[in-house]
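Enquirer:
Numbering (our numbering), first residue to last: 10 to 196.
#1: Is it right to say residue 125 is buried, meaning 16 or more other beta carbons lie within 10 angstroms of its own, or is it exposed?
#2: DSSP three-state call for residue 30: helix, strand or coil?
#3: Identify every residue that forms a DSSP beta bridge with residue 13.
#4: Helix, strand or coil for residue 167? Go by DSSP, reduced to three states.
#5: Apart from the five residues on each side of it in sequence, which residues of its chain come closer than 7 Å, Cβ to Cβ, to residue 89?
#6: Hey, residue 176 and residue 117: beta-carbon distance below 8 Å or not?
#7: Using beta-carbon positions only, say whether residue 160 and residue 123 come within less than 8 Å of one another.
#8: Go ahead and pull the three-state DSSP assignment for residue 172.
#9: Indicate the three-state DSSP secondary structure (helix, strand or coil) for residue 144 in the structure shown.
#10: When the Cα atoms are used, what is the spatial distance from residue 168 to residue 186?
#11: Counting pairs of beta carbons, one from the region 102-118 and one from the region 75-90, are three or more of them closer than 8 Å?
#12: When burial is assigned at 16 or more other CB atoms within 10 Å of the CB, is residue 145 buried or exposed?
Laid out in structure tokens, this is it:
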């Protein structure tokens, strides 16, 4: 099978991520009034939106750096990329759900699971990239930092059984790790 055009897959991914981010903002509501109290009722949804938006921005940047190092796209890279987009397309729904019920276990665990899933899929995407392209640099993604992040998410999911708002807190920690260590410099 011939290699897929890398630019087309990147453009498609960029478009899907832009649509997902746009859908998320549509879930935010105008406060019921013009007082701080009215605005305070929307703080959790705004926080959930910001965490998800920053996470998706970092996902996009990580994806960009991964594809920057990739010279050819195999069918395996294409399939994993599409699964990543399928997984990430759940972000608007999960973000709205955790924003509506931030102190409930199931929305918190699902929110963490979506972030966990996209991290695992990025690692799988990199593994497929290495398989497809012998020139792909070793450890382009910050795999050690991503492993730490995955452990934090598992702990966060467990703690959400007992503590409200753990998913959003875990999201902040994980996004912080993403911001500090999104990728390694290519040699």
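Virtual Cβ for every residue (Gly too), placed ideally from N, Cα, C.
Expert: Reading off the structure:
#1: buried
#2: helix
#3: 82
#4: helix
#5: 130, 133, 134, 137
#6: yes
#7: no
#8: coil
#9: coil
#10: 19 Å
#11: no
#12: buried
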